[in-house]
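Heads up: the structure comes next, in structure tokens.
Number of protein chains: 2
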Amino acid sequence: MAKVQRLISIVLRLAAAAAAAAAAIIMVTSHETTSFFGLEMEAKYSYTPSFIFFVVAFAVACVYSLLVVLVRPGSTASRLVLMSDVIIGMVLTGAVAATGALSEVGKNGNTHAGWLPICVQVHEYCNRVMGALIAGFVALVVYFLIIMYSLHELAEPLCSCHY
Amino acid sequence: MAKVQRLISIVLRLAAAAAAAAAAIIMVTSHETTSFFGLEMEAKYSYTPSFIFFVVAFAVACVYSLLVVLVRPGSTASRLVLMSDVIIGMVLTGAVAATGALSEVGKNGNTHAGWLPICVQVHEYCNRVMGALIAGFVALVVYFLIIMYSLHELAEPLCSCHY
Numbered sequence: 001m002a003k004v005q006r007l008i009s010i011v012l013r014l015a016a017a018a019a020a021a022a023a024a025i026i027m028v029t030s031h032e033t034t035s036f037f038g039l040e041m042e043a044k045y046s047y048t049p050s051f052i053f054f055v056v057a058f059a060v061a062c063v064y065s066l067l068v069v070l071v072r073p074g075s076t077a078s079r080l081v082l083m084s085d086v087i088i089g090m091v092l093t094g095a096v097a098a099t100g101a102l103s104e105v106g107k108n109g110n111t112h113a114g115w116l117p118i119c120v121q122v123h124e125y126c127n128r129v130m131g132a133l134i135a136g137f138v139a140l141v142v143y144f145l146i147i148m149y150s151l152h153e154l155a156e157p158l159c160s161c162h163y
Numbered sequence: 001m002a003k004v005q006r007l008i009s010i011v012l013r014l015a016a017a018a019a020a021a022a023a024a025i026i027m028v029t030s031h032e033t034t035s036f037f038g039l040e041m042e043a044k045y046s047y048t049p050s051f052i053f054f055v056v057a058f059a060v061a062c063v064y065s066l067l068v069v070l071v072r073p074g075s076t077a078s079r080l081v082l083m084s085d086v087i088i089g090m091v092l093t094g095a096v097a098a099t100g101a102l103s104e105v106g107k108n109g110n111t112h113a114g115w116l117p118i119c120v121q122v123h124e125y126c127n128r129v130m131g132a133l134i135a136g137f138v139a140l141v142v143y144f145l146i147i148m149y150s151l152h153e154l155a156e157p158l159c160s161c162h163y
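Line by line, the protein sequences are chains Z and W. Heads up, the first sequence is in full-length UniProt numbering, so the first residue is 1 and it goes up one at a time. Heads up, the second sequence is in full-length UniProt numbering, so the first residue is 1 and it goes up one at a time.
Printed below as a string of structure tokens:
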């Protein structure tokens, strides 16, 4: 039973690492230059602070996920894993939400603020950001499952010895 | 000892509820109309989807925090509280991050996307959104403390009976 749990944990960690790596890489490589009424327009992730945060958050989550696979169950470090999982889960949520909010403005604009949509001009760039967002969302869902699974596992033995 | 823990938990929940209520109310009441080069400009939270999400998320967090105070420790419902705390924590992180990302664009603009800063024109509105963001951040920090405290409490007896 313990072996099955360990296997599920490793598979979920590797899936999270893969999705997080994909999210960071797709975002870093999102770049497009186009001309608009004779003006050259360049779009890249580093022009938006939230997208830089997205890349850093998912790169850290990828490395963290791979490191946690090496942690021996029952060790002192393993007791801190659930806490750091929750922190990583919250950071990834923040990165996805901030990127999602700005992507929505990029796609639809905001007429009240006078912000025009830019995805008509830099279509390819927007598609890549959307790809990064989807990969990031997958990593976030996997992290959510890891946290819920860990909380469930932690509550089970507690119930049998305390209630 | 159990009474002290219960008291700490209730104080944290009430603090979270108060901060969440403040965040939602300040955001809902943020509204300003100004004229800019003869054009009337109106700014209110409902013009931005992320700000609506912010209000809903913090209103739900406020009601949830008050309801959890009523849950009896050791009951079946109490076992689900930590899981729902983590979900609320993640939702609040998303709301703060999305609102923060858009507020940053509102304040500094984004020259590469051609989005001008609007806070020069609607200064009062921006100040209120910033106030909501600060109150929301306080609620988020309190939720983070609640989750970390609960995880610590959950790990303690487990250590004594399993390691």
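Note that CB positions come from ideal geometry on N, CA and C, so glycine has one too.
Starting from residue i, follow its DSSP beta bridges and name the residues at the other end.
i	result
N110/Z	W115/Z
Under the rule that 16 or more other beta-carbon atoms within 10 Å means buried, what is residue i, buried or exposed?
i	result
Y47/W	exposed
A2/W	exposed
A57/Z	buried
F51/Z	buried
Q5/W	exposed
S160/Z	Its pLDDT being 45, under 50, S160/Z is placed unreliably by the model, and the measurement read from it follows with that caveat. By the 10 Å Cβ count, S160/Z comes out exposed.
V55/W	buried
M26/W	Here residue 26/W is Ile; the residue named in the question, Met, does not match the sequence. Buried is the call here.
R13/W	buried
F120/Z	Residue identity differs from the one stated: residue 120/Z is Val in this sequence, not Phe. That one is exposed.
G94/W	buried
V86/Z	buried
A77/Z	exposed
N108/W	exposed
Y163/Z	In this prediction, Y163/Z scores a pLDDT of 36, lower than 50, which makes its location untrustworthy; the coordinate-derived value is nonetheless stated afterwards. By the neighbour-count rule (16 or more Cβ atoms within 10 Å), Y163/Z is not buried but exposed.
L151/Z	buried
V11/Z	exposed
L92/W	buried
Every unbroken beta strand (DSSP E) within the UniProt domain "Casparian strip membrane protein" (5–141) of chain W, with a cutoff of 3 residues, ordered by chain: 31–36 and 39–44
Three or more C-beta pairs below 8 Å linking the region 124–140 of chain Z and the region 60–76 of chain W: no
Taking only beta carbons into account, state which residues of the region 124–136 of chain W come closer than 9 Å to chain Z, listed in chain order. none
By the 9 Å beta-carbon criterion, what residues does the region 18–35 of chain W contribute toward chain Z? none
Using a Cβ distance threshold of 8 Å, determine whether the region 95–104 of chain W contacts the region 92–101 of chain Z, with at least three qualifying pairs required. yes
Against chain Z: residues of the region 46–64 of chain W by CB proximity under 7 Å: Y47, T48, P49 and S50
Is there contact between the region 138–151 of chain Z and the region 17–31 of chain Z, where contact requires at least three CB pairs shorter than 8 Å? yes
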